[in-house]
Structure formats: C-alpha cells, structure tokens
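Visitor:
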Amino acid sequence: MSATAFRPPSIWHKALFAFCLWLCKRLGARQAGLLFERLQISLAGHDPRVGAYALEFNNPQALCFLIDAYPTLQHIFSTYPRMGTLTLLDIGPAFGAAGGLLSQMHRSHFLGPKVEVNALDIVGSRREFIELTYPLVDFLHARIEDLPEDAMWDVVYCSNTIEHIDDPREFIRTVLKHTRGFAVFLAPYREALPLSLDHRLQIDERTFEGFNVERMRVIRSAAWPATADGVEREQILAVLKADVLQ
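Everything in the sequence shown is counted per my numbering, starting at 442 for the first residue and increasing by one.
#1: Among residues of its own chain, excluding the 5 on either side of N499, which ones have a beta-carbon nearer than 6 Å to its beta-carbon?
#2: Would you list, in sequence order, the uninterrupted alpha helix (DSSP H) runs of no fewer than 4 residues that lie entirely inside the segment 598-673?
#3: Is it buried or exposed for E557, if we count other Cβ within 10 angstroms and need 16 for buried?
#4: Between the segment 668-676 and the segment 514-526, do three or more beta carbon pairs fall short of 8 Å?
#5: Would you kindly check if the distance between the Cβ of I644 and the Cβ of A628 is under 7 Å?
#6: In whole angstroms, what separates the C-alpha of E497 from that of R661?
#7: My guess is that D684 and L642 are in contact by the Cβ rule of under 8 Å, so how many angstroms apart are they, rounded?
#8: Below 8 Å, can you find three or more Cβ-Cβ pairs linking the segment 527-546 to the segment 556-572?
#9: Does DSSP put V596 in a helix, a strand or coil?
#10: Taking the beta carbon of V654 as the centre, do at least 16 other beta carbons fall within 10 Å, making it buried, or is it exposed?
#11: According to DSSP, what are the bridge partners of A485?
#12: Buried or exposed: T668, going by 16 or more other Cβ atoms within 10 Å of its Cβ?
#13: With a 10 Å radius around its C-beta and 16 neighbouring C-beta atoms as the bar for buried, classify S549 as buried or exposed.
#14: Measuring straight from C-alpha to C-alpha, what distance separates K455 and P554?
#15: Count Cβ pairs between the segment 621-638 and the segment 569-589 that sit closer than 8 Å; are there 3 or more?
#16: Rounded to whole angstroms, what is the Cα-Cα separation between G541 and E650?
#17: Under a three-way DSSP split, which group does T520 fall into?
#18: Tell me where the beta strand (DSSP E) around L527 begins and ends.
#19: What is the residue span of the alpha helix (DSSP H) that I585 lies within?
#20: Check V564 in the structure and name its three-state DSSP category.
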C-alpha cells in the first residue's frame, strides 16, 4: 500500500535536484552532512527541540529495540522465498528509525527477501522527517482502524505502542486483520507503578491470550534500562500468526 501515487519528476524538479547535488558536492561531505542534519531538525517540527529529541533520544531507542527484535524478524523473513518481496508495516514508528533501517537492510535480496516498508502513524507532522531521512519508507497518516479492509501486509512490526492504548487487545485484533503472515509486538513487561508518562496499562502474557501465539519471551533491553530508583525493567516480545496465512 503506497502512501501516494508516483508522479514522474518534472524538468524543473530534475534541474533543482541536479543543482542541489552540485551544491552539496561544493560544500564538501562533512558540511553537507551537517546541512542534512539541520534540515532533519527543521522538518521534525516548528520547535527545534523536537528534531533534536528525534536524533538524540527517540531514534537511538527505536534502533536499539529493533536490534532486540531483529533476530525474530530475520527468522520470519527466512520463511519466505529468498528472491521474493515482502511488505512490512511499522505501526507507531515515531520518527521512523526502525522501519528506515529495515528498508535499507532489505532493499535488495542480499540478506533475503526484499522488504517494502510502510510506516503508519496518527501524527502527520512526522511525514517530512521520515520521508527525508528514510526515502525508501512510505509514510501513512492514519489510524489502523481507518485503513481499508483490503490493506494487507505480510509482516507487521509494532514496537512500544500497545502500552499507549486503552484497549490493546482490540488493537491487536485490528492489526491482525491487516496481517497476512506474522505480527511482532514489543512492549514494556509488567511495568512498575506508577506507569511512565502516556502509558495506559501494564502489558504481560495475558494481553496475548486467545491469539495465535507463535512465540513469546521476556527480554532485557538497553533501550529500556533500570529506572533512576534502580527498578529493573523488561520487555515482552510476542510473535502472533495471522488467523489465516494468505
């Protein structure tokens, strides 16, 4: 499912692209890199602190969670034809780091099937940051509940999102309606009270009862370290099969 219909670039856009490329080469690699980072920050929001937060905190955490989940994802990918192409939906991607890295790692068949990545978020202001930083990712501004019934993905990745939802089990049911193969969920495990800001409830094995659970385990993550009071924290990683593999 593509975010927007492809439009061939006009002569004007081709000329502008060529000029920007020439200008970046004239700046030199380091200065062009710094310019790119400034552009990222400016596109993340009107307040530059939003972009700084994305680059310094949110994206590193998202990438660390992906490192934790990647062996599981890679195993799932390996069950599909190596020279095929999979579709993956990253739900609640924040600033897109996890889906962006997956789109780069699996842009060819070198590591297995190619993976076409969509990122779905209810925060539309993140589109420009994601499209600039991860041009292989198609951004979808919508709620999962509002997607067309025929919008389907082979694999769904949902990291540290369901704890923000009042009814995570209903959310999981909706996710599975758009999943052909497997849905991978990562979330805080039995988070100590009081919960973190914007977290609605504790997540544990009971959250996934009644679903077709392929595997489930509790892990430690550098992205979810002990609290300032020394309370150890863990994450639960759950892989669910779609009700019917399509």
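C-beta: ideal position from N, C-alpha, C; glycine also.
Guide: Let me lay it out:
#1: A535 and F536
#2: 609-618
#3: buried
#4: no
#5: yes
#6: 21 Å
#7: With 8 Å as the limit, D684 and L642 do not qualify as a contact, their Cβ atoms being about 25 Å apart.
#8: yes
#9: strand
#10: exposed
#11: Paired residues: none, contrary to the question.
#12: exposed
#13: exposed
#14: 31 Å
#15: no
#16: 31 Å
#17: coil
#18: T526 to I532
#19: Taken as a continuous stretch (DSSP letters only), I585 belongs to no alpha helix (DSSP H), as it is neither H nor E.
#20: coil
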